[in-house]
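Trainee: One point on numbering: in this note's numbering, the residue at position 1 of the sequence shown is 3, and numbering is uninterrupted.
Ideal Cβ placement from N, Cα and C applies to all residues, glycine included.
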Amino acid sequence: MRVAVIGAGIIGITTAYELALDGHEVVVIERRSAAAEESSFANGGLVAPGYVAPWAAPGMPAHVLRHLFGRHAPVALSLPLSARDIAWMWGWRKACKLQTYLGNRAHMQRLAFYSRERLQAITEELQLEYDRSPGYTVLLRSEKNARMSIRTYMVCCQIFLFCDFLAQCFKHAKQCFNC
3 MRVAVIGAGI
13 IGITTAYELA
23 LDGHEVVVIE
33 RRSAAAEESS
43 FANGGLVAPG
53 YVAPWAAPGM
63 PAHVLRHLFG
73 RHAPVALSLP
83 LSARDIAWMW
93 GWRKACKLQT
103 YLGNRAHMQR
113 LAFYSRERLQ
123 AITEELQLEY
133 DRSPGYTVLL
143 RSEKNARMSI
153 RTYMVCCQIF
163 LFCDFLAQCF
173 KHAKQCFNC
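1. So is VAL7 buried or exposed if we call it buried at 16+ other beta carbons inside 10 Å?
2. How long is the line joining the alpha carbons of GLN129 and ALA50, rounded to whole angstroms?
3. Buried or exposed: where does GLY11 fall if 16 or more other Cβ atoms within 10 Å of its Cβ makes it buried?
4. Here's a check: name, in chain order, each residue in its chain whose Cβ is nearer than 8 Å to the Cβ of LEU79, leaving out the five neighbours to either side.
5. Would you kindly check if the distance between the Cβ of TRP94 and the Cβ of ALA64 is under 9 Å?
6. Could you please give the first and the last residue of the uninterrupted beta strand (DSSP E) stretch that includes GLU27?
7. Opposite ILE8 in the DSSP bridges: which residues?
8. Use the C-beta contact count for TYR132: other C-beta atoms within 10 angstroms, 16 or more gives buried, fewer gives exposed.
9. Among residues of its own chain, excluding the 5 on either side of GLU27, which ones have a beta-carbon nearer than 6 Å to its beta-carbon?
10. Among GLY9, VAL54 and THR16, which one has its Cα closest to the Cα of ALA36?
11. With H, G and I counted as helix, E and B as strand and the rest as coil, what does DSSP make of GLU20?
12. Is the closest heavy atom of the ligand ADP to the C-beta of ILE124 under 8 Å?
13. Could you name the residues of the same chain whose beta carbon sits closer than 6 Å to that of SER117, not counting the 5 residues immediately before and after it, in chain order?
14. So, at 7 Å on beta carbons, what are the nonlocal neighbours of ALA18 in its own chain, with the 5 sequence-adjacent residues on each side left out?
15. State the Cα-Cα distance for the pair HIS41 and GLU145, rounded to the nearest angstrom.
Quick look at the structure:
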């Protein structure tokens, strides 16, 4: 099959690579003069398949509404809203239910682990070299953010993996913030 991939960022290039491996004839179309000159340029990417979460999450509609008209609003609305906008918001609100969130998170988790496996395989196959370091730091601005992060982690532990090191970190954080 002949396939055109639009965009030569990390997603476009890796998609084209995988399609070519599967035997497809692939062409990549990029508006810039070289690959990875926009969002993928010098990206501070994070390979952390254990830390994924859908934006459609319990409590998120209230969070968005509280900040909707703030200076650094997480979303912007163009008024008047169209029927399509309202339908999308209704669907998003329904996706914020706990059971839907947990199901979507499980799907994201599997995709994230598969992506990490592919990254490791491609890195070995092509002998790629890039800067990396193990671990990462999460900066939280308030006790409320720390509590939310701890709750998210506890859900992760119940559903997916349990990492002893993270468990110790979060145990300490829970003691500090009386969660």
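Mentor: A quick look at the data gives this:
1. buried
2. 21 Å
3. buried
4. LEU70 and ASP87
5. no
6. 27-31
7. ILE31
8. exposed
9. ARG4
10. GLY9
11. helix
12. Here there are no bound small molecules, and the ligand ADP is not part of this structure.
13. none
14. VAL7, VAL28 and VAL30
15. The sequence shown places Ser at residue 41, not His. Between SER41 and GLU145, the C-alpha separation is close to 32 Å.
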